[in-house]
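Enquirer: Order-wise, the sequence lines are chains A and B.
Quick note, the first sequence lines up with residues 1 to 221 if you use the working numbering.
Quick note, the second sequence lines up with residues 1001 to 1221 if you use the working numbering.
The structure's right below; bear with me while I get my questions together.
2 protein chains.
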Amino acid sequence: MSGEALRDLAGLLAALARGPAQASPPTATLPPAASVPVGVSGRHVHLSQADLEALFGPGARLTPLRELSQPGQFAAEERVTLVGPKGVIQHVRVLGPVRARTQVEVLRGDTYRLGIKPCVRLSGHIDGTPGVTLVGPAGAVTLTEGVIVAARHLHLSPEEAVGLGLRDGQVVSLLCEGERPGRLDGVVVRASGRGALDCHIDTEEANAFGLVNGSRLRLVV
Amino acid sequence: MSGEALRDLAGLLAALARGPAQASPPTATLPPAASVPVGVSGRHVHLSQADLEALFGPGARLTPLRELSQPGQFAAEERVTLVGPKGVIQHVRVLGPVRARTQVEVLRGDTYRLGIKPCVRLSGHIDGTPGVTLVGPAGAVTLTEGVIVAARHLHLSPEEAVGLGLRDGQVVSLLCEGERPGRLDGVVVRASGRGALDCHIDTEEANAFGLVNGSRLRLVV
C-alpha cells in the first residue's frame, strides 16, 4: 500500500474513532464558547502588615481604590518605589488585602531596569527569588527574596473548572487570533473557591499579543 | 471495532504513512535544524536626511555606534525625544543609514505613554499611521504619519529562503519552548539580497516569551 493510501486510510479511521461530533477540529480545541477573558497585570506589590507599617507608618491600613476581578482583591491608593542594584521604579501600586508575605510582581523588562534576575513563578512561590528594596513615605524595607515575574495563570471557581472540563494545576494553552496572533502555552489553571474566570497575563504579554483587559482567548487543551 | 482500537490503528497507520524519519512530530514542524535566531528591537527611529538635518543641524551625518544583524544597518550615536499628545519618551536611538522617509518604531506600551493609536505594520508601510513630534538638539520635526509598532518578520537571503523552503511574503509561525512557552503566529518572511537570517521581534514580544538576542525559535510552516 502506498504512503498516500495509508495516510487516507489513517485519516478516515481517525475520523471514525473521533465520531461525527468531533470530526473537523485540527487540534484538540474546545468549542468556540470555551473562551476566557484576559486580565492584564502591570507591576504591583503585595505587602505583609509588618512591611505595610514599615513603609507607611505604625498602624497603617491600605486604602481601597478599586476592586479587581478576583473577589476581595483590590488596588490600593498606596504606592511604593522599588530600588534595585541597577535602577529605580517609582509609583508601583500596592494591591490588597495584606498577605502573610510581601511579594513584588514585576515585568521581565523591569528586572533589567532594576538589575535583578528574572524569575518566572506562580504567585506565592517566592523561595529563592531575588530581593529588592521597597521605599515608602515612612521608611524602607529590604527584601531578601520575593520578586517574581508572574507566570501566566487562569483563575476560576471549582464550578467553572468542571464546566470547562479543567482541573486545578492543569496546564493549558490559549489561542490569540487578533492583529498579533499566537498561542500562549504553559498557562496554569488555578481553581479555588475564591476564584472567578480570568486569565492573568502581564503587560508585556498583553502587548506582545495586542490584548487588553477583557480581550478573550480561546482555550486549547 | 471499538473507538479506542480504531484510534490505535489510525495512529499506527499514520505513523507508517509518515515513515520513520517523521514518525513523531505532532504538527507540520520542520526538522530540528530549522530554527532561526531572534533579534530583539527596542524602540528606534529611522530618519530622512532632511529630518536628520532639522533635528541635528545643517549637513548632519549619522555617527555609527555598532553594526546590526542586517548588512549595512547600524545603530547611531544620535538619539531623539518623542513627544506625543499624552507623554514623552527620551533617548530614542536613531538607526542608520538614512532612509527616504522618516519612520518611528515603538513598542505597543509606548503608544499608550505617547497617547497615540498603536498601528502594527511592516517597516515601510506607514500610510495612515499616526504621527509624533521628534525633538533633537537643533530643532523639532512633527510627523503627520510614520509611527508603527513593528510587525514580526523574518529576514533572510534568497538562498536561505530556498534552503528553508520559504518564499518572500510567506507567513510562518515560530515555536518557543522555554520558560514562557508559546507560538508566535503571523511572522512575515522577508527575503532580500541584503537579508541575513534573523527573526525580528520587539522588546515586549521578547519579554513575553523570555527571549533575548540570539535565542533560537523553531520554524513551523
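Heads up, the beta-carbon is just placed ideally off N, CA and C, and yes, glycines get one too.
Can you tell me whether DSSP reads A161 (chain A) as helix, strand or coil?
Expert: A161 (chain A) falls in the helix class under three-state DSSP.
Enquirer: Within 8 Å (strictly less), CB to CB, does D198 (chain A) reach chain B?
Expert: No - not a single Cβ of chain B is within 8 Å of the one on D198 (chain A).
Enquirer: Rounded to whole angstroms, how far is the Cβ of L1154 (chain B) from the Cβ of C1119 (chain B), which I believe are closer than 8 Å?
Expert: About 21 Å; that fails the 8 Å criterion.
Enquirer: So with CB distances below 7 Å, who are the chain B contacts of P181 (chain A)?
Expert: The contacting residues are D1185 and G1186.
Enquirer: Show which residues of chain B have a CB atom less than 7 Å away from the CB atom of T203 (chain A).
Expert: Chain B residues near T203 (chain A): G1109.
Enquirer: Could you check which residue in A:G178, A:G165 and A:L156 has the C-alpha nearest to that of L211 (chain A)?
Expert: Out of A:G178, A:G165 and A:L156, A:G178 has the C-alpha closest to the C-alpha of L211 (chain A).
Enquirer: Starting from Q49 (chain A), trace the alpha helix (DSSP H) in both directions and tell me its first and last residue.
Expert: Taken as a continuous stretch (DSSP letters only), the alpha helix (DSSP H) holding Q49 (chain A) covers Q49 to F56.
Enquirer: Under 8 Å, do F56 (chain A) and P137 (chain A) count as touching if we go by C-beta distance?
Expert: Yes, these two residues count as a Cβ contact at 8 Å.
Enquirer: Within this structure, are the beta carbons of I89 (chain A) and R113 (chain A) separated by less than 8 Å?
Expert: Yes, Cβ-Cβ distance for I89 (chain A) and R113 (chain A) is below 8 Å.
Enquirer: Have a look at A:V149, A:E67, A:P97 and A:A140 and flag the residue whose alpha-carbon is nearest the alpha-carbon of V230 (chain A).
Expert: With chain A represented from 1 up to 221, any question about residue 230 (chain A) goes unanswered, as that position is not in the structure.
Enquirer: My guess is that V147 (chain A) and V106 (chain A) are in contact by the Cβ rule of under 8 Å, so how many angstroms apart are they, rounded?
Expert: The pair is a contact, with the Cβ atoms about 6 Å apart (cut-off 8 Å).
Enquirer: Any Cβ of chain A within less than 8 Å of the Cβ of A1021 (chain B)?
Expert: Note that A1021 (chain B) has pLDDT 36, beneath the 50 cutoff, so the model's placement of it is unreliable and the number below is only indicative. Chain A, which has no Cβ nearer than 8 Å to the Cβ of A1021 (chain B), makes this no.
Enquirer: With a cut-off of 8 Å, does the C-beta of G124 (chain A) fall near any C-beta of chain B?
Expert: False, the Cβ-Cβ gap to chain B never drops below 8 Å.
Enquirer: Using a Cβ cut-off of 7 Å, pull out every chain B residue sitting near N207 (chain A), in sequence order please.
Expert: Ordered by position in chain B, the residues that pass the 7 Å Cβ test against N207 (chain A) are L1107, R1108, G1109 and E1204.
Enquirer: Look at the alpha carbon of E160 (chain A) and the alpha carbon of D168 (chain A), and state the distance between them as a whole number of angstroms.
Expert: Going from the Cα of E160 (chain A) to the Cα of D168 (chain A) covers about 11 Å.
Enquirer: For a cutoff of 8 Å on Cβ pairs, would you count P1221 (chain B) as touching chain A?
Expert: Checking the sequence, you will find Val at residue 1221 (chain B) rather than Pro. So no, V1221 (chain B) is outside the interface.
Enquirer: Just to confirm, is the Cβ distance from R121 (chain A) to A151 (chain A) under 8 Å?
Expert: Closer than 8 Å, so yes.
Enquirer: Could you give the DSSP three-state label for D127 (chain A): helix, strand or coil?
Expert: Residue state, collapsed to three classes: coil.
Enquirer: Cα separation between N1207 (chain B) and G124 (chain A)?
Expert: In a straight line, the C-alpha of N1207 (chain B) is about 21 Å away from that of G124 (chain A).
Enquirer: Counting only beta-carbon separations shorter than 8 Å, does P25 (chain A) have a partner in chain B?
Expert: Caution applies to P25 (chain A), whose pLDDT of 37 falls short of 50 and renders its modelled position unreliable; the model cannot decide the point.
Enquirer: Using a Cβ-Cβ cut-off of 8 Å, state whether V92 (chain A) counts as contacting chain B.
Expert: By this cut-off, V92 (chain A) is not an interface position.
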